[in-house]
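Trainee:
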Amino acid sequence: MVTASTSRAMKALSFRIVMWLFTLMTVIPFGLLLLTSLKSKKDLFRGAFVLPETPHFENYVSAWVDGHFGIYFWNSIIVVIPVVAVSVVLGLMTGFAFAFLSFPFKRLTFAVLTIGMMVPTEAFIIPLYYQMRFLGLLNSYAAMILPQIAMSVPFATLFMSLAMQQLPKEVLEAAMLDGAPRGMILRRVIIPLLKPAISSLGLFLFIWTWNEFLIPLVLVNDDVYRTMPLGMLFFQGRYTVNTPVLTAGAVLVIAPIIVIYLIFQRKFIEGLTAGATK
Amino acid sequence: MKSSVLDAPARKNLIFLLPGLILYATFVLGPIIAAAVLGFTEWNGISAPKFVWFKNYIELFGDPYFGIALRNNAMLMFFYCVLPLLIGVALASIVSAIKSREQLAIRTLLFMPYIMPSAVLGIIWQWLYNPAFGPINQILKGLGLGALALPWLGDFNFALPAVGIVATWYYFGFCMVIFLTGLQRLDDSVFEAARVDGAGSLYIFRRITLPLLLPEIRIVLLLTIIASIKSFDLIFTMTRGGPANATLVPNIYMYELGFQLGRYGYAASVAIIGAILIFIVNYAVHRFVRPADGV
Amino acid sequence: MLHSFRTNAARARRAGVMTGTAAAMTASMMLGHAAAATDLPVWDDYSYEGQVAVMESLNKNFEAAHPDVKIQRTQRTFDDLALTLKLAVSAGDGPIVTKVNQGAKDMGTMAQEGLLLPVDDYIAEYGWAERQSDSLLARDRWSEDGQFGTGPTYGISGLAEIVGLYYNQKVLEDAGVELPLTSFEDFLAALDKVKASGQTPIAMGTAKQHLALHLLAAVSQAHIDASDRAQLDDLVYGRGGSWNTPGNLESATLMQDWAENGYFTDGFQGISGDDAVQLFIAGQAAFMTSGTWYFGDMQINPDIHFMAIPAPEGISAPLSVGGVDLAWAITSIADDDASRDLAGAYIDYMVSPEAAIEWANAGYLPSTTLPDDADVDLAPLLTEGVAMWKTLNANDAIGHYPDWASPTMLKTIDDNMPLLLAGRQTPEEFIGMLDTDYAGYLASKN
Numbered sequence: 001m002v003t004a005s006t007s008r009a010m011k012a013l014s015f016r017i018v019m020w021l022f023t024l025m026t027v028i029p030f031g032l033l034l035l036t037s038l039k040s041k042k043d044l045f046r047g048a049f050v051l052p053e054t055p056h057f058e059n060y061v062s063a064w065v066d067g068h069f070g071i072y073f074w075n076s077i078i079v080v081i082p083v084v085a086v087s088v089v090l091g092l093m094t095g096f097a098f099a100f101l102s103f104p105f106k107r108l109t110f111a112v113l114t115i116g117m118m119v120p121t122e123a124f125i126i127p128l129y130y131q132m133r134f135l136g137l138l139n140s141y142a143a144m145i146l147p148q149i150a151m152s153v154p155f156a157t158l159f160m161s162l163a164m165q166q167l168p169k170e171v172l173e174a175a176m177l178d179g180a181p182r183g184m185i186l187r188r189v190i191i192p193l194l195k196p197a198i199s200s201l202g203l204f205l206f207i208w209t210w211n212e213f214l215i216p217l218v219l220v221n222d223d224v225y226r227t228m229p230l231g232m233l234f235f236q237g238r239y240t241v242n243t244p245v246l247t248a249g250a251v252l253v254i255a256p257i258i259v260i261y262l263i264f265q266r267k268f269i270e271g272l273t274a275g276a277t278k
Numbered sequence: 001m002k003s004s005v006l007d008a009p010a011r012k013n014l015i016f017l018l019p020g021l022i023l024y025a026t027f028v029l030g031p032i033i034a035a036a037v038l039g040f041t042e043w044n045g046i047s048a049p050k051f052v053w054f055k056n057y058i059e060l061f062g063d064p065y066f067g068i069a070l071r072n073n074a075m076l077m078f079f080y081c082v083l084p085l086l087i088g089v090a091l092a093s094i095v096s097a098i099k100s101r102e103q104l105a106i107r108t109l110l111f112m113p114y115i116m117p118s119a120v121l122g123i124i125w126q127w128l129y130n131p132a133f134g135p136i137n138q139i140l141k142g143l144g145l146g147a148l149a150l151p152w153l154g155d156f157n158f159a160l161p162a163v164g165i166v167a168t169w170y171y172f173g174f175c176m177v178i179f180l181t182g183l184q185r186l187d188d189s190v191f192e193a194a195r196v197d198g199a200g201s202l203y204i205f206r207r208i209t210l211p212l213l214l215p216e217i218r219i220v221l222l223l224t225i226i227a228s229i230k231s232f233d234l235i236f237t238m239t240r241g242g243p244a245n246a247t248l249v250p251n252i253y254m255y256e257l258g259f260q261l262g263r264y265g266y267a268a269s270v271a272i273i274g275a276i277l278i279f280i281v282n283y284a285v286h287r288f289v290r291p292a293d294g295v
Numbered sequence: 001m002l003h004s005f006r007t008n009a010a011r012a013r014r015a016g017v018m019t020g021t022a023a024a025m026t027a028s029m030m031l032g033h034a035a036a037a038t039d040l041p042v043w044d045d046y047s048y049e050g051q052v053a054v055m056e057s058l059n060k061n062f063e064a065a066h067p068d069v070k071i072q073r074t075q076r077t078f079d080d081l082a083l084t085l086k087l088a089v090s091a092g093d094g095p096i097v098t099k100v101n102q103g104a105k106d107m108g109t110m111a112q113e114g115l116l117l118p119v120d121d122y123i124a125e126y127g128w129a130e131r132q133s134d135s136l137l138a139r140d141r142w143s144e145d146g147q148f149g150t151g152p153t154y155g156i157s158g159l160a161e162i163v164g165l166y167y168n169q170k171v172l173e174d175a176g177v178e179l180p181l182t183s184f185e186d187f188l189a190a191l192d193k194v195k196a197s198g199q200t201p202i203a204m205g206t207a208k209q210h211l212a213l214h215l216l217a218a219v220s221q222a223h224i225d226a227s228d229r230a231q232l233d234d235l236v237y238g239r240g241g242s243w244n245t246p247g248n249l250e251s252a253t254l255m256q257d258w259a260e261n262g263y264f265t266d267g268f269q270g271i272s273g274d275d276a277v278q279l280f281i282a283g284q285a286a287f288m289t290s291g292t293w294y295f296g297d298m299q300i301n302p303d304i305h306f307m308a309i310p311a312p313e314g315i316s317a318p319l320s321v322g323g324v325d326l327a328w329a330i331t332s333i334a335d336d337d338a339s340r341d342l343a344g345a346y347i348d349y350m351v352s353p354e355a356a357i358e359w360a361n362a363g364y365l366p367s368t369t370l371p372d373d374a375d376v377d378l379a380p381l382l383t384e385g386v387a388m389w390k391t392l393n394a395n396d397a398i399g400h401y402p403d404w405a406s407p408t409m410l411k412t413i414d415d416n417m418p419l420l421l422a423g424r425q426t427p428e429e430f431i432g433m434l435d436t437d438y439a440g441y442l443a444s445k446n
């Protein structure tokens, strides 16, 4: 009896260790990245795990100023905010239509929407480039914002319509009996009930838009419009002989995502898994 | 579909539908159709496209590079799908048994790679693998395992697994989190009953946990298989398909054909094959990975 | 049809710009400002820190001399430029002045599609031919039927490039190697000595950039005397020939030996060319074969020197791989005389002696000959480079980048080089792959 419980405790402990090992594996690359970003070029040759003699914060200054990350940061903000806001609104409207309304070719329309979730951007970036050129939108914020909203529509629709279908029917029926118009019901009844789903959708779209690089790479030529991940890519070509500044740039790109993630992570993961498994 | 109390005549419904659909049709669907048409042409990106009908697709079937790309992609599926799924299920069953604060911390940390831009992750891992400066080989040498300090991303045999490991690293936390919520959905009494009947934990896991987790397994398979077919950013930043095409996948090949060799029509046909593969996988997973009780 | 659509679109856009300019002029007159600016969009590939500083200063000087011109500079990396330039110019939206890679893939295609404009008028007007030798300008020529090296000239470069042998004097002396190395045999003996002393003979990284290609070409072309260069010229200019030369074969064989016997940096397959440069600068190898564009980085270590790969016996004026950096060119976006002339004036300044002095002071090797009385303070490495450039020009011994020979050659070499170095391909098979690629290109031209 005693041996059985010790062996169970041992087993639990070894499972625990395995679990933390995997967690460590996940975190260590980011830790090393942070460490390297504070080194001088000389420190680099002394080994990846060796602490720098003094932290070299000037790598960050050099990335922010010389590497133009200051500009890229604001560009990312300017692109992300409208993409997220408009996509959420459109997702609510289209999702509402798919959840509750009837219209011709509903199944077909739905199938066509899912195409957009499956075809990679690389596949249609060239026609998109010519279309933007035709519309005179190359080299503008609109060139990044409009396609990314359009690319978000399928997922936002699916996500919102699934969430709406789970709303208790009685609430909607009661609202309808009050004679409220549908737009009003959407705004006053459905949206307040869907707040958790809406915020996790917003976070998803934030992260995807923040991380997107092919769209800005091809549709925008001018340095003053480049966004963070593109700046990173560009930066790699430019500072490959300066690993510490390169890693400082990488930290600058991922820091905002980590901050947002840590603030919202509970809601985010719940929203994600709720959306994913339905 | 069942009609809802909110329904109205179709023309009144369209106002909710059209804004999103029009944007989608303009900036996504239209270009996709244009790409599909391009797949039937020869086009250097400059002069007028020339219609060649199925010539690109016929050439594709005999193209050894495309064959290599498909084979590499099949190998990558092991790292994108199978490994994260196994690790994810195993970790989730360990993590579900511990206290909520520790569980929250683990969940938060393990999920982190999934939210990162994969282009940046590729750059980080390229450096981790670097034989001259990277930490991985420094650890190996420090442990006296200098013989294992390979040039990873530059080694014919190990480049593909090395890239694959990064994909596994990227997805296992995500899988774990999904399985964890799945386990929380399940009723404890089932396990209690099995345990009372004297079932071993491995037996419980195989015969009870796994079947009950089928909806989660389905979604994980779907997302990771599609991700493996779509894979581009990680490979692009780490190896660009090298050395000597050891890590070439269809999307990288498409990029080379289009943007580097100026064969946009042929590149488009590669993209279309990729899209068709995704449709097939999607269908197959929905069709065959299906909960027995019809959940 | 498509072409006329493009020009119309460009004209419409230009009209928009004109209206904008007119409006701006009215506005500025009302506010009492002097003149409105003409925009000059320029794309270049000067992306290293030192280069960026020079470009910014040169652009500022040009704007000071042309107060009505506003330069819109877009800086791109080499790969980024290749990716976007054709797409942008063919869509009628892009730079008026751009850097463009010579060779069939970029400049050749763009010239034939009418996306680049000949600069011969400006060569005559500004006398560029007196600043740079004709064999350099020939690299920017493409005939109407797609022949490289003849026909109208589509550009001119600002910087010279020599692929040569960097060596670390201290490492060599520690290994007991006597300097200078006077023959190819000396070089091979030095490699063995360094290897025996336990140091890495050659810094190498093949994961990114093209160090291996440069070593292959540099060794191979050191086996060609300037008097026998016609065969190589024919090959690179697409006039035919075979890659199966004694020089190529020896070079490929040597490289395979070096890779298999540990003469290259440990783990070279997994590190990039830029990493290898960092290691070399840190004193972790005796030799490295690469171009003059690394001068700025290399001068950090005073032990590092630069020389031509010494020739095997019997060759008095060996070729050195090199030539010029990407050329300045005028695109079809410049569709009226005024913008073309402005572009011409800009390029003229970029290849002027004044610009050459500025580049030289920053440690880079200009392609325009420095004036004898120039006020320059050359770094030691650059002094060696300038001397080499003079000799090579005098001997007409500037070789070629093999990847210019066909649009797919760079990819073919990149794909097969790892196989050669890993011993999965014999040197003969490797050269056979180059010949196959080249034959395919010749066939597609006809």
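Chains as they are written, first to last, in this note's numbering: chain R, 1 to 278; chain A, 1 to 295; chain B, 1 to 446.
Here a beta-carbon is modelled for each residue, glycine too, at the ideal position from N, C-alpha and C.
Keep in mind it's a predicted model, so treat the numbers as computed, not measured.
(1) DSSP has Thr74 (chain B) in a bridge; who is on the other side?
(2) Do Asp275 (chain B) and Asn130 (chain A) have their beta-carbon atoms positioned less than 8 angstroms apart in this structure?
(3) Residues in its own chain within less than 7 angstroms of Arg11 (chain A) by CB, not counting five upstream and five downstream?
(4) In chain order, which alpha helix (DSSP H) runs of at least 4 residues are fully inside the region 46-131 of chain R?
(5) Return the chain-ordered list of same chain residues with a C-beta closer than 7 angstroms to the C-beta of Phe288 (chain A), the five sequence neighbours on each side being excluded.
(6) With DSSP as the reference, label Ile96 (chain B) as helix, strand or coil.
(7) Let me know the secondary structure DSSP gives Leu159 (chain B) once reduced to three states.
(8) Leaving out five residues on either side along the sequence, give the residues of the same chain with a beta carbon under 6 angstroms from the beta carbon of Ser100 (chain A).
(9) Suppose contacts are defined by Cβ-Cβ distances below 8 angstroms. Is Ala194 (chain A) in contact with Ile204 (chain A) by that definition?
(10) Is the distance from the Cβ of Val177 (chain B) to the Cβ of Ala190 (chain B) below 8 angstroms?
(11) For Phe280 (chain B), which residues from the same chain have a beta carbon less than 6 angstroms from its beta carbon, with the 5 sequence-adjacent residues on both sides left out?
(12) With distances taken from CA atoms, which of B:Tyr263, B:Asp134 and B:Phe430 is nearest Asp120 (chain B)?
(13) Do you know how far the Cα of Arg76 (chain B) is from the Cα of Leu232 (chain B)?
(14) Is the region 348-355 of chain B close to the region 258-274 of chain B, with three or more CB pairs under 8 angstroms?
(15) With which residues is Leu116 (chain B) paired in a DSSP beta bridge?
(16) Against chain A, which members of the region 77-91 of chain B pass a CB distance test of less than 8 angstroms?
(17) Jot down the residue ranges of each uninterrupted beta strand (DSSP E) in the region 90-123 of chain A, minimum 3 residues, whole runs only, in chain order.
(18) Report the CB separation of Phe296 (chain A) from Ile165 (chain A) in whole angstroms; it is logged as a contact under 8 angstroms.
(19) Of all the options R:Thr36, R:Val61 and R:Tyr60, which has the alpha carbon lying nearest to the alpha carbon of Leu51 (chain R)?
(20) Taking only beta-carbon positions, decide if Lys99 (chain B) is within less than 8 angstroms of chain A.
(21) Using a threshold of 8 angstroms, state whether the C-beta atoms of Phe54 (chain A) and Tyr253 (chain A) are closer than that.
(22) Starting from Asp93 (chain B), find everything on chain R with Cβ-Cβ shorter than 7 angstroms and list it in chain order.
(23) Within its chain, find whatever has a CB closer than 7 angstroms to the CB of Gly32 (chain B); leave out the 5 residues flanking it on each side and keep chain order.
(24) Please confirm if Arg182 (chain R) has its CB atom under 8 angstroms from at least one CB of chain A.
(25) Are any of the Cβ atoms in chain R nearer than 8 angstroms to that of Trp169 (chain A)?
(26) Between which two residues does the beta strand (DSSP E) containing Phe184 (chain B) stretch?
(27) DSSP on Pro216 (chain R), reduced to helix/strand/coil?
(28) Between Gly164 (chain A) and chain B, is the shortest Cβ-Cβ distance under 8 angstroms, so that the two count as touching?
(29) Go to Met107 (chain B), then tell me how far its beta strand (DSSP E) extends in each direction, as first and last residue.
(30) How big is the Cα-Cα spacing for Lys39 (chain R) and Gly31 (chain R)?
(31) With contact counted as at least three CB pairs below 8 angstroms, one residue from each stretch, are the region 112-131 of chain A and the region 39-47 of chain A in contact?
(32) List the residues that DSSP assigns as beta-bridge partners of Asp225 (chain B).
(33) Output, in sequence order along the chain, the residues in the region 203-221 of chain R whose CB is closer than 9 angstroms to any CB in chain E.
(34) Mind checking Ala27 (chain B): buried by the 16 CB within 10 Å criterion, or exposed?
Mentor: If we stick to the structure as given:
(1) Position 74 of the third sequence holds residue 74 (chain B). Answer is B:Trp43, bridged to Thr74 (chain B).
(2) Numbered from 1 along the second sequence, position 130 holds the residue referred to as residue 130 (chain A). Numbered from 1 along the third sequence, position 275 holds the residue referred to as residue 275 (chain B). Closer than 8 angstroms, so yes.
(3) Position 11 of the second sequence, counted from the start, is the residue given in the question as residue 11 (chain A). There are no such residues.
(4) 58-64, 69-100 and 106-118
(5) Your numbering for residue 288 (chain A) matches position 288 in the second sequence. Cβ within range, chain order: n/a, list empty.
(6) Translated into positions along the third sequence, residue 96 (chain B) becomes position 96. Reduced to three states, the DSSP call for Ile96 (chain B) is coil.
(7) In the third sequence, counting from the first residue as 1, residue 159 (chain B) sits at position 159. Leu159 (chain B): strand per DSSP, three-state reduction.
(8) Counted from its first residue, the second sequence places residue 100 (chain A) at position 100. Once the five neighbours on either side are set aside, Ser100 (chain A) has no close Cβ partner at all.
(9) Within the second sequence, residue 194 (chain A) is the residue found at index 194, counting from 1. Within the second sequence, residue 204 (chain A) is the residue found at index 204, counting from 1. Yes; because the gap between Cβ atoms is below 8 angstroms, this pair is in contact.
(10) In the third sequence, residue 177 (chain B) corresponds to position 177, counting from 1. In the third sequence, residue 190 (chain B) corresponds to position 190, counting from 1. Yes; because the gap between Cβ atoms is below 8 angstroms, this pair is in contact.
(11) Within the third sequence, the letter at position 280 stands for residue 280 (chain B). Taken in chain order, the residues that qualify are Ala203 and Met288.
(12) Translated into the one-based positions of the third sequence, residue 120 (chain B) becomes position 120. Of B:Tyr263, B:Asp134 and B:Phe430, the residue nearest in Cα terms is B:Asp134.
(13) Translated into positions along the third sequence, residue 232 (chain B) becomes position 232. Translated into positions along the third sequence, residue 76 (chain B) becomes position 76. Each residue's alpha carbon lies about 31 angstroms from the other.
(14) no
(15) For the purposes of this step, residue 116 (chain B) is taken as the residue at position 116 of the third sequence. B:Thr331.
(16) Ala82, Leu83, Lys86, Leu87 and Ser90
(17) none
(18) It is not possible to answer for residue 296 (chain A), since the shown part of chain A is limited to 1 through 295.
(19) Within the first sequence, the letter at position 51 stands for residue 51 (chain R). Measuring from the Cα of Leu51 (chain R), the nearest candidate turns out to be R:Thr36.
(20) Residue 99 (chain B) sits at position 99 when you count from the first residue of the third sequence. False, the Cβ-Cβ gap to chain A never drops below 8 angstroms.
(21) The residue you call residue 54 (chain A) lines up with position 54 of the second sequence. The residue you call residue 253 (chain A) lines up with position 253 of the second sequence. No; because the gap between Cβ atoms is not below 8 angstroms, this pair is not in contact.
(22) Residue numbering aside, residue 93 (chain B) sits at position 93 when the third sequence is read from its first letter. Within chain R, the residues near Asp93 (chain B) are Arg133 and Leu138.
(23) By one-based count along the third sequence, residue 32 (chain B) stands at place 32. Any reading at Gly32 (chain B) must be qualified, since the residue scores a pLDDT of 37, below 50, and its modelled position is unreliable; the value itself is stated next. There are no such residues.
(24) For the purposes of this step, residue 182 (chain R) is identified with residue 182 of the first sequence, where counting begins at 1. Yes, Arg182 (chain R) lies at the interface with chain A (some Cβ there is under 8 angstroms from its Cβ).
(25) Working through the second sequence from its first residue, we reach residue 169 (chain A) at position 169. Interface residue, yes.
(26) Locating residue 184 (chain B) in the third sequence gives position 184, where the first residue counts as 1. Run containing Phe184 (chain B): none in the beta strand (DSSP E); it sits in the alpha helix (DSSP H), Phe184 to Ala196.
(27) Counting from 1 along the first sequence, the entry for residue 216 (chain R) is found at position 216. In this structure, Pro216 (chain R) counts as helix in the three-state DSSP scheme.
(28) Counting from 1 along the second sequence, the entry for residue 164 (chain A) is found at position 164. Taking Cβ atoms only, chain B never reaches closer than 8 angstroms to Gly164 (chain A), which makes this a no.
(29) Mapped onto the third sequence, residue 107 (chain B) falls at position 107. Per DSSP, Met107 (chain B) belongs to no beta strand (DSSP E) and is neither H nor E.
(30) Start at 1 with the first residue of the first sequence, and residue 39 (chain R) comes out as number 39. Start at 1 with the first residue of the first sequence, and residue 31 (chain R) comes out as number 31. Lys39 (chain R) and Gly31 (chain R): Cα-Cα distance of roughly 13 angstroms.
(31) no
(32) The sequence position of residue 225 (chain B) within the third sequence is 225, counting from 1. In DSSP, Asp225 (chain B) forms a bridge with B:Pro318.
(33) In summary, chain E is missing from the structure at hand, where the protein chains are R, A and B.
(34) By one-based count along the third sequence, residue 27 (chain B) stands at place 27. Its pLDDT being 40, under 50, Ala27 (chain B) is placed unreliably in this model, and the coordinates cannot settle the point.
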